[in-house]
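Report on one structure; see the data block that follows.
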Amino acid sequence: MFAELARGSPELSFPQSGFMSDTTTEKTGATTSDTKGAAPAEAPAEAPVDEGRILRDRREKADRMREAGINLYAQRFDPTHSSAQVRANEASLVKPAEDTDSAETSESPEPAQIVRMAGRVILRRPMGKAGFLTFIDESGRFQAYVKRDVTDAAGFELFKKMLDVGDIVGIEGPIFVTRKGELTIQADRLTLLTKAMRPLPEKWHGLKDVEQRYRQRYVDLIANPEVRDTFRQRSAIISSLRSQLDARGYMEVETPMMQLIYGGAAARPFETHHNALDLDLYLRIAPELFLKRLTVGGFERVYEINRNFRNEGISTRHNPEFTMLELYTAYWDYTDTMTLVEELFRKTALDVLGTTEIKYQGNEVDLAEPFVRAPILDLVAAELGLGAEHGLAWGLDSLGSVIDLCIPAIEKIEAERPEAKSLADAVKAADSADEALMHLFEELAEPGIVQPTFVMDYPKSLCPLTKSSQADPAIAERFELFCCGFELANAYSELNDPDEQLARFEDQVRRGERGDAEAMKEVDHDYVTALQYGMPPASGLGIGIDRFVMLLTDSLSIRDVILFPLMRPAKGSTDRS
RNA sequence: GGGCGCGUAGCUCAGUCGGUAGAGCACCGGCCUUUUAAGCCGUUGGUCGUGAGUUCGAGCCUCACCGCGCUCACCA
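Taking this note's numbering, the leading residue of the first sequence gets 5, the next gets one more, and so forth.
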């Protein structure tokens with residue numbers, strides 16, 4: 005590839021270099037005035053008043069450049085090297101002799117190789133008849149050296165008079181090393197590729213304002229290199245998961261995001277409407293019921309990585325649209341899925357970070373260690389100090405038995421920990437014994453789980469899509485993976501008995517009628533029909549991709565791993581856009 | 001939705017006791033042919049989130065509202 009780079013060839017194309025080009029002049033000149041004239045008919049000619057002096061200056065400068073025949077928005081450019089490629093090939097690219105005078109004597113044994121690079125100018129250091137500019141391309145920063153004696157006249161004029169930090173430029177010339185030892189491209193030719201009309205954030209503090217970073221992520225990405233790294237890692241994580249699943253024989257599918265009946269999770273949906281069919285639809289809260297229909301159809305290993313939408317509050321761990329990996333494996337139960345999760349997490353960390361040792365907000369976790377497997381009730385009993393023969397069980401008829409077992413221990417805890425106040429009240433106010441115990445788990449045990457832990461064996465009454473255990477019918481074969489204090493995955497052995505599924509759906513609808521906003525509103529009869537055709541025993545898994553990315557990138561907020569998190573519209577004067 | 005905090009120049013931030021708004025960088029002008037946040041000299045730039053109120057006088061005090069962050073509730 006580099007061999008094609010004609011050594012010092014005069015024919016290297018420089019498509020829009022034409023400061024001097026008459027045709028370019030005419031064309032851009034005409035375009036400019038036409039554009040102005042053709043603007044929305046009665047639109048006021050003046051730009052918005054609040055633009056500020058810097059923006060007005062930039063506009064006036066752009067007008068002057070257009071009048072001089074400069075194309076502010078070039079058609080194309082052919083970079084031969086990224087900054088990373090130049091660094092990787094330093095030995096073969098750097099001019100043999102640094103002595104600039106000898107170049108004039110035309111005796112240089114080998115003409116230096118000419119390269120072309122492109123990127124956004126982030127620093128300018130003019131020094132009279134020469135100067136440096138630092139630019140970034142996707143692989144990093146690099147500097148160019150501009151000098152009146154070597155740079156084309158139009159390029160030098162551009163650098164001296166018109167170039168702004170933020171502009172995107174193309175540079176052509178040989179690579180050399182400066183006296184201070186920095187790898188540099190000598191700009192034999194310098195061309196404007198895109199004019200920036202707005203200034204970049206301050207050059208060493210960057211962009212700090214969190215709100216602006218989220219609202220204008222493009223600026224955040226320019227100004228904060230570590231943000232680029234985070235989103236590169238996010239992409240690499242998803243890519244790693246896909247290749248692992250593909251290698252294991254899973255097929256990626258897409259199922260409906262607009263659904264007539266929503267299901268597959270306990271959550272409130274977004275509502276929308278199809279005009280032509282005059283049909284009310286929901287944005288999906290989970291793809292589960294459709295993916296399982298596919299296992300009925302004979303696809304034994306399927307997965308989907310895509311968005312779900314839940315009409316709930318926003319927090320550092322919740323965005324209304326979030327990305328989930330959901331997969332289903334025929335003939336497995338939830339213990340097989342536990343093994344899969346461990347292997348997926350390990351391999352992804354290795355692929356993306358090169359290690360299984362993770363630091364998250366001060367916690368250290370090694371994914372190479374076997375994940376703990378712990379029944380919920382054992383964790384609750386341990387927190388309450390009840391010992392091995394704790395007597396806790398799912399499906400107890402009365403709340404009274406839970407109260408008898410737990411309240412003495414809870415009261416002791418409340419006395420010791422002020423933040424645990426009202427725990428006893430919450431237990432007494434629960435709708436069922438199962439909910440009381442789940443509440444105890446969430447309050448007492450869940451926040452303290454740092455090492456990766458499969459919390460397993462949930463109450464059947466709260467898991468309408470999960471198959472029960474043979475050993476104890478009150479137990480649902482379900483686990484959730486917790487790590488560093490938050491939930492990362494949820495999985496179970498799938499309920500595939502159509503009669504039982506119908507009964508559980510009907511129970512859900514009754515709950516909804518009693519006022520549970522997160523229960524199903526309507527039985528999905530087609531899903532029951534699918535089960536009647538026979539679904540193989542199967543285990544399903546959901547991994548919250550955003551949270552997994554948070555864990556691997558040490559991000560405190562889900563908004564730091566979602567490119568464009570949902571924000572309220574900016575109103576009034578805080579609107580900077 | 002509740003609680004706490006924040007909002008000042010394009011960016012990062014000061015702003016005392018209520019006395020009429022500042023710095024650095026950026027911008028603009030000048031000098032400078034291997035710099036490194038280049039340097040030197042000189043300018044310019046403000047609806048102090050919005051709107052009321054108190055006051056002779058409000059960036060500062062009071063109230064309401066808007067937006068953001070953290071947190072609680074809810075959830076994955």
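Ideal Cβ placement from N, Cα and C applies to all residues, glycine included.
Query	Result
Are residue 355 and residue 472 touching if we call contact CB-CB under 7 Å?	no
With H, G and I counted as helix, E and B as strand and the rest as coil, what does DSSP make of residue 289?	coil
Taking C-beta to C-beta, are residue 670 and residue 428 nearer than 7 Å?	Residue 670 cannot be examined here, being either before or after the span of the chain that is shown, 5 to 581.
Can you give the Cα-Cα distance for residue 420 and residue 408, rounded to whole angstroms?	20 Å
Could you give the first and the last residue of the continuous beta strand (DSSP E) run that contains residue 487?	479-487
Per the contact definition of three or more C-beta pairs closer than 8 Å, is the segment 534-542 in contact with the segment 290-305?	yes
If you follow the beta strand (DSSP E) that residue 121 is in, where does it begin and where does it stop?	118-131
Assuming residue 139 contacts residue 145 (C-beta within less than 8 Å), just tell me the rounded distance between them.	7 Å
Let's test the definition: count the other Cβ atoms within 10 Å of the Cβ of residue 312 and tell me whether it reaches 16, buried, or not, exposed.	buried
If you follow the alpha helix (DSSP H) that residue 229 is in, where does it begin and where does it stop?	229-251
Whole angstroms are fine: how far does the CA of residue 241 sit from the CA of residue 326?	15 Å
Take every Cβ of the segment 364-376, pair it with every Cβ of the segment 393-408, and state whether three or more of those distances are shorter than 8 Å.	no
Just grab the DSSP bridge partners of residue 196 for me.	173
Would you kindly work out how many angstroms separate the C-alpha atoms of residue 563 and residue 503, rounded to a whole number?	42 Å
Out of 220, 237, 62, 435, which one is the CA nearest neighbour of residue 573?	220
Report the rounded CA-to-CA distance for residue 412 versus residue 565, giving the unit in angstroms.	43 Å
Which two residues bound the contiguous beta strand (DSSP E) that contains residue 463?	457-463
Quick check: the segment 261-276 against the segment 225-242, are there 3 or more CB pairs under 8 Å?	no
Between residue 394 and residue 214, what straight-line distance do the alpha-carbon atoms span, to the nearest angstrom?	48 Å
At what residues does the alpha helix (DSSP H) containing residue 1 begin and finish?	No answer is possible for residue 1: the residues shown for the chain start at 5 and end at 581.
Could you give the uninterrupted runs of the alpha helix (DSSP H) lying entirely in the segment 487-572, keeping only those of 4 residues or more?	502-517, 529-537, 549-557
Between the C-alpha atoms of residue 36 and residue 199, what's the straight-line distance to the nearest angstrom?	Low per-residue confidence applies at residue 36: pLDDT is 33, beneath 50, and the placement is therefore not dependable enough to give any value.
Name the DSSP beta bridge partners of residue 212, please?	DSSP lists no partner for residue 212.
For a minimum of 4 consecutive residues, which ranges assigned as the alpha helix (DSSP H) are wholly contained in the segment 375-434?	380-388, 403-420, 427-433
Who pairs with residue 262 in a beta bridge, going by DSSP?	287
Alpha carbon to alpha carbon, how far is residue 270 from residue 342? Give it in angstroms, no decimals.	22 Å
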